[in-house]
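This report refers to the structure that appears directly beneath it.
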């Protein structure tokens, strides 16, 4: 019975979780959402200016990746504006030329 009353836990060995501190260090940050955001904006502008459907879809894809990997603390207005710009690039490219997107290796 004495073994049932003995507590095997050791409160002096408990290590509480402490999140890593971000003291302005860039080493621990994940910069992929920022890179994808910039890439989405570049592809959006190329899709709008050159009327390229491939660039527009690449912009939408990279904006979705940026939005999915975004942290809560990041600026959501910039991510949302990049996403809306890429959606508008896709819409405008199909409004100007409603033919379906064909792969470059397909013969026309």
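In the working numbering, the protein residues as written are 361 to 468.
Backbone N, C-alpha and C define an ideal beta-carbon position, used for all residues, glycine too.
Small disclaimer: the values here were computed from a predicted structure and weren't measured.
query = Contact check, residue 455 vs residue 413 under 8 Å by CB: the rounded distance?
reply = Not confirmed; about 11 Å, so no contact.
For residue 404 and residue 436, the rounded distance between their alpha carbons = 18 Å
query = Ordered along the chain, which non-local residues of its own chain (more than five positions away) have a Cβ less than 6 Å from that of residue 419?
reply = 400, 403, 404, 407, 446, 449
query = Taking the alpha helix (DSSP H) that residue 393 falls in, what are its first and last residues?
reply = 392-410
Among 409, 392, 459, nearest to residue 439 - alpha-carbon criterion = 392
DSSP-derived helix/strand/coil call for residue 380 = coil
task = Buried or exposed for residue 397, please, with buried defined as at least 16 other CB atoms from any protein chain shown within 10 angstroms of its CB.
result = Residue 397 is buried by the Cβ-count criterion.
ask   = Is residue 430 buried or exposed, if buried means 16 or more other CB atoms sit within 10 Å of its CB?
value = buried
inquiry  = Using only CA atoms, which one of 377, 426, 378, 459 lies nearest to residue 390?
reply    = 426
Residue 461 - DSSP class collapsed to helix/strand/coil = Residue state, collapsed to three classes: coil.
Rounded separation between residue 463 and residue 417 - CA only = 13 Å
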